[in-house]
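Right, one structure below, let's go through it.
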Amino acid sequence: MDFLHACRLPDEADNVAIAAVDLQAGSEISYRGKVIKLNHSVLEGHRFAVDSIPKNHYLCSWGLPFGRATMDIRPGNYVCNEGMLLALHGRAIDFKLPERANFEDHIETYSFDRDQFSPSTPLTLYEHERTFQGFRRENNRGVGTRNYIVVVGTSSRTAGFARQLSAIMNPVAVSYDNVDGVVAVAHTEGGNELEPNNAELLLRTLSGFIVHANVGAVLVVDYGGEFVNNERLRTYMHNNDYPLNSVPHCFMSIKGGFVDFLEKGEIQIRKWLPVLSTLKRTSESLKHLRIALQCGGSDAFSGISGNPLVAWVARELIRYGGAANLAETDELIGAESYVLQNVRDLETAESFLDMIERFKERVAWHGDSAEGNPSGGNKFRGLYNIVLKSIGAAMKRHPDVPLDFCIDYGESMNEPGYYFMDSPGNDLESIAGQVAAGCNLIFFVTGNGSITNFPFVPTLKVVTTTKRYEKLSQDMDINAGAYLDGISMDNLGAELFDHTLKISGGDRSLGEKANHSQIQIWRDWPQTSSVALESLANCPSIYGFGLKPELDEVPDVRIDMLRCRGKWVSDQVGLILPTSLCSGQVAKKIAERLNENGVGRSSGISRFTSLVHTEGCGVGGVGTEDIYTRSLISYLRHPLVHSALLLEHGCEKTHNDFMRNCIRDAGMDVDSFGWASVQMDGGISASMACAETYFHKIANNLKVATRGEVGIEGIRVGFITTGNISIEVAQTMECLVRWIAGSGGTVVIPQSD
Numbered sequence: 026m027d028f029l030h031a032c033r034l035p036d037e038a039d040n041v042a043i044a045a046v047d048l049q050a051g052s053e054i055s056y057r058g059k060v061i062k063l064n065h066s067v068l069e070g071h072r073f074a075v076d077s078i079p080k081n082h083y084l085c086s087w088g089l090p091f092g093r094a095t096m097d098i099r100p101g102n103y104v105c106n107e108g109m110l111l112a113l114h115g116r117a118i119d120f121k122l123p124e125r126a127n128f129e130d131h132i133e134t135y136s137f138d139r140d141q142f143s144p145s146t147p148l149t150l151y152e153h154e155r156t157f158q159g160f161r162r163e164n165n166r167g168v169g170t171r172n173y174i175v176v177v178g179t180s181s182r183t184a185g186f187a188r189q190l191s192a193i194m195n196p197v198a199v200s201y202d203n204v205d206g207v208v209a210v211a212h213t214e215g216g217n218e219l220e221p222n223n224a225e226l227l228l229r230t231l232s233g234f235i236v237h238a239n240v241g242a243v244l245v246v247d248y249g250g251e252f253v254n255n256e257r258l259r260t261y262m263h264n265n266d267y268p269l270n271s272v273p274h275c276f277m278s279i280k281g282g283f284v285d286f287l288e289k290g291e292i293q294i295r296k297w298l299p300v301l302s303t304l305k306r307t308s309e310s311l312k313h314l315r316i317a318l319q320c321g322g323s324d325a326f327s328g329i330s331g332n333p334l335v336a337w338v339a340r341e342l343i344r345y346g347g348a349a350n351l352a353e354t355d356e357l358i359g360a361e362s363y364v365l366q367n368v369r370d371l372e373t374a375e376s377f378l379d380m381i382e383r384f385k386e387r388v389a390w391h392g393d394s395a396e397g398n399p400s401g402g403n404k405f406r407g408l409y410n411i412v413l414k415s416i417g418a419a420m421k422r423h424p425d426v427p428l429d430f431c432i433d434y435g436e437s438m439n440e441p442g443y444y445f446m447d448s449p450g451n452d453l454e455s456i457a458g459q460v461a462a463g464c465n466l467i468f469f470v471t472g473n474g475s476i477t478n479f480p481f482v483p484t485l486k487v488v489t490t491t492k493r494y495e496k497l498s499q500d501m502d503i504n505a506g507a508y509l510d511g512i513s514m515d516n517l518g519a520e521l522f523d524h525t526l527k528i529s530g531g532d533r534s535l536g537e538k539a540n541h542s543q544i545q546i547w548r549d550w551p552q553t554s555s556v557a558l559e560s561l562a563n564c565p566s567i568y569g570f571g572l573k574p575e576l577d578e579v580p581d582v583r584i585d586m587l588r589c590r591g592k593w594v595s596d597q598v599g600l601i602l603p604t605s606l607c608s609g610q611v612a613k614k615i616a617e618r619l620n621e622n623g624v625g626r627s628s629g630i631s632r633f634t635s636l637v638h639t640e641g642c643g644v645g646g647v648g649t650e651d652i653y654t655r656s657l658i659s660y661l662r663h664p665l666v667h668s669a670l671l672l673e674h675g676c677e678k679t680h681n682d683f684m685r686n687c688i689r690d691a692g693m694d695v696d697s698f699g700w701a702s703v704q705m706d707g708g709i710s711a712s713m714a715c716a717e718t719y720f721h722k723i724a725n726n727l728k729v730a731t732r733g734e735v736g737i738e739g740i741r742v743g744f745i746t747t748g749n750i751s752i753e754v755a756q757t758m759e760c761l762v763r764w765i766a767g768s769g770g771t772v773v774i775p776q777s778d
């Protein structure tokens, strides 16, 4: 078999190759005048040895060590560590895995020598200018690639309001020329009354959103009692010189009925629409483009095709006076030597290393490390450990391009050049910071086929292999796999550069056409030191029984309910349960479509719903994975859930195979649930069709539940309060709780209440 047909070698000095296709055991591959015979079947993207590697010697990719051999490794041996074997044992694969690992992870300790540092030579700028069609903003706000009205929920408390108002007004807005729509910034942070640990970066991020060049007008909504509220946000913007007055804006606090304030918000947005419609795109220099370089659902080819491709475009943009932003701090650990090969000055190099160390410390406070970063999808697609993932991620910086600046999360990019921004390795959280820093276009490189989009900045999704592109062509914008097929990087780069200018000038990306987006700001971290780590790790699990209070009398109340699977229930619901945050919006669209079509209604299913959440992409920290999986299993077991389907994105840690194992461990039947995958089923439309087919089948075979009357013992209720309540309300709630619990019903009150 020809070497280039079978595999790729990122660097001539490497002693392991990456399988370009699934390779069968016994395959013979020509390599440098010899024939290598594989001892095992090797998955696409996984590695096998091309040279002899003695025990204790290093395994290398891109010329950098990522592992140490724990035994002698011969040419043709499948190279495996414990983490990869564990990940594959949780997957449905059709061949026998190696019995044990043959290498252990190795993170090269980077030693920075100040005395040997040499500053880089700046890139030579082009003398001629190229342009794109954009929206010029006042007061140095830059040039927008889009023109949106944005409804910002200042904290998590107004996230629902922001979503609802944008859903009402977006159909109105799209009928106006030059207006791209009304979108929501709905996030999970800042809703408590006490100051969160991420307050500074949250305020900085929201400030960056509000003055972003793609924002034509902004409505900022709070309740007023949150720690992160409108007053504190406006003060922060004033103290840090954000050009608030250059963007049409309105701060609104909800002090009355929810619906009343939806109407107030609608009135304000309707005032802005005709004004924004008068704005026209004009020819603008490429120096106004700021590109976010991002990768997610990465695979072994991300560092060979996708990331070098966007690095090529970033280099060209910088030569025209623009800027590019590299992020995800923990996904550069182990690649420090490459990142720092070309740096503007000593201060920038030291700042980068300080941010790496700061991130390691913060993660350690929570009982975790960067080694836990690679997701199940990463390992399945050949990224065995954080070093391999980091080396590939670092290829988003072209070797010719110096690292010019290091900035904090959401800090403004005020100069042209190449930036590193401190951020977590969560794609959505990282993108939010890049947008707040001023990026007005996003390059998202994906091996597995991540479908994420940002609400008001277009995303170009670049997939790493032709095979995956063909499977997901309706959702992926660019096929970087063409490079692996023989197209030169210069030709492919020039093609992407031209496409970039078209998208920046108003052509819609595939993600925009799909009309879904997500946002997540860097979440609050509960620990600020490692002091509590031991007690948290040793905290016993709580399994107990509810209290049953003594009662003198209970009112004779009869409730009409359904008898379903041996239990009295008030409703029958169809559930689409996303296994991670990235499949959440697709799950929501499935539920909406099923409801619109009335599926199951005549058979007793009242509605379909999805539980859109923020977890599952990478689960870390003491007990976090147990809490997460326990919650999902409990949702599936919920008495109101008549039937459920689990929807994976495909590259998350808690993928469908992971959840199948959890369901079996819980003593449940995996065949009693539906299963769909955004990536493996062939994209958004295909996975939606799969889910709809499943629920149609369920509805057609559904027996109508019988109805009957039951007393208070049939009630299961959760109580939660926000703020202070009156004595009268407290006494009423106490009485109600005693009646329900004392009669055999269930009352749940959170510990934090």
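For the record, in the sequence shown the residue sitting at position 641 is 666 according to the working numbering, with numbers rising by one throughout. We treat Cβ as the ideally placed atom computed from N, Cα and C, and that holds for glycine. Remember, it's a predicted structure, so these values are computed and weren't measured experimentally.
Residue i, DSSP secondary structure in three states
{"i": "Gly609", "result": "helix"}
{"i": "Asn686", "result": "helix"}
{"i": "Ala45", "result": "coil"}
{"i": "His524", "result": "helix"}
{"i": "Gln158", "result": "strand"}
{"i": "Glu440", "result": "coil"}
{"i": "Arg626", "result": "helix"}
{"i": "Phe91", "result": "strand"}
{"i": "Asn749", "result": "coil"}
Between the CA atoms of residue j and residue i - distance to the nearest angstrom
{"i": "Pro483", "j": "Trp700", "result": "30 Å"}
{"i": "Ile476", "j": "Asp500", "result": "7 Å"}
{"i": "Leu311", "j": "Val300", "result": "26 Å"}
{"i": "Thr170", "j": "Leu526", "result": "10 Å"}
{"i": "Phe698", "j": "Met586", "result": "24 Å"}
{"i": "Phe720", "j": "Asn620", "result": "11 Å"}
{"i": "Gly641", "j": "Ala117", "result": "19 Å"}
{"i": "Pro580", "j": "Ser768", "result": "10 Å"}
{"i": "Met781", "j": "Pro333", "result": "This structure cannot speak to residue 781, because the chain is shown only from 26 to 778."}
{"i": "Ser777", "j": "Thr746", "result": "10 Å"}
{"i": "Leu258", "j": "Asn164", "result": "20 Å"}
{"i": "Ile709", "j": "Val245", "result": "31 Å"}
{"i": "Phe28", "j": "Arg315", "result": "39 Å"}
{"i": "Leu357", "j": "Ser415", "result": "4 Å"}
{"i": "Phe481", "j": "Asp651", "result": "35 Å"}
{"i": "Asp202", "j": "Gln158", "result": "15 Å"}
{"i": "Phe445", "j": "Asn403", "result": "23 Å"}
{"i": "Gly571", "j": "Arg493", "result": "51 Å"}
Where the alpha helix (DSSP H) containing residue i begins and where it ends
{"i": "Asn255", "result": "255-264"}
{"i": "Asp510", "result": "From DSSP, Asp510 is part of no alpha helix (DSSP H); its letter is neither H nor E."}
{"i": "His721", "result": "709-725"}
{"i": "Pro333", "result": "332-344"}
{"i": "Phe286", "result": "283-302"}
Own chain partners of residue i with C-beta closer than 7 Å, once the 5 adjacent residues on each side are dropped
{"i": "Ala74", "result": "Asn40, Val41, Ile98, Arg99, Pro100, Gly101, Asn102, Val104"}
{"i": "Val781", "result": "Not covered by the structure: residue 781. The range shown for the chain is 26 to 778."}
{"i": "Pro441", "result": "Lys312, Ile343, Gly346, Gly347, Ala348"}
8 Å Cβ shell around residue i - same chain, five flanking residues per side excluded
{"i": "Arg33", "result": "Ala42, Ile43, Ala45, Phe326, Ile329, Leu509"}
{"i": "Thr553", "result": "Asn222, Trp390"}
{"i": "Val624", "result": "Gly599, Ile630, Phe633, Glu717, Phe720, His721, Ala724"}
Unbroken beta strand (DSSP E) run spanning residue i, endpoints
{"i": "Glu129", "result": "128-130"}
{"i": "Ala317", "result": "315-320"}
{"i": "Asp247", "result": "240-247"}
{"i": "Arg741", "result": "741-743"}
{"i": "Thr757", "result": "Per DSSP, Thr757 belongs to no beta strand (DSSP E); it is in the alpha helix (DSSP H), 752-767."}
{"i": "Ser362", "result": "Run containing Ser362: none in the beta strand (DSSP E); it sits in the alpha helix (DSSP H), 361-364."}
{"i": "Arg588", "result": "584-589"}
Contacts around residue i, its chain only, beta-carbon distance under 6 Å, and the 5 residues preceding and following it disregarded
{"i": "Val67", "result": "Ala44, Leu48, Phe73, Tyr103"}
{"i": "Tyr56", "result": "Phe28, Val75"}
Give a yes or no on contact between the segment 352-371 and the segment 530-537, applying the rule of three or more CB pairs nearer than 8 Å.
-> no
Would you say the segment 671-689 touches the segment 717-734, given that touching needs at least three Cβ pairs under 8 Å?
-> no
State whether the segment 276-287 contacts the segment 121-140, with contact taken as three or more CB pairs (one from each stretch) at a distance under 8 Å.
-> no
Does the segment 342-350 come within contact of the segment 151-168, defined as at least 3 CB pairs closer than 8 Å?
-> yes
Tell me, please, whether the segment 669-680 touches the segment 570-579 by the rule of three or more beta-carbon pairs shorter than 8 Å.
-> no
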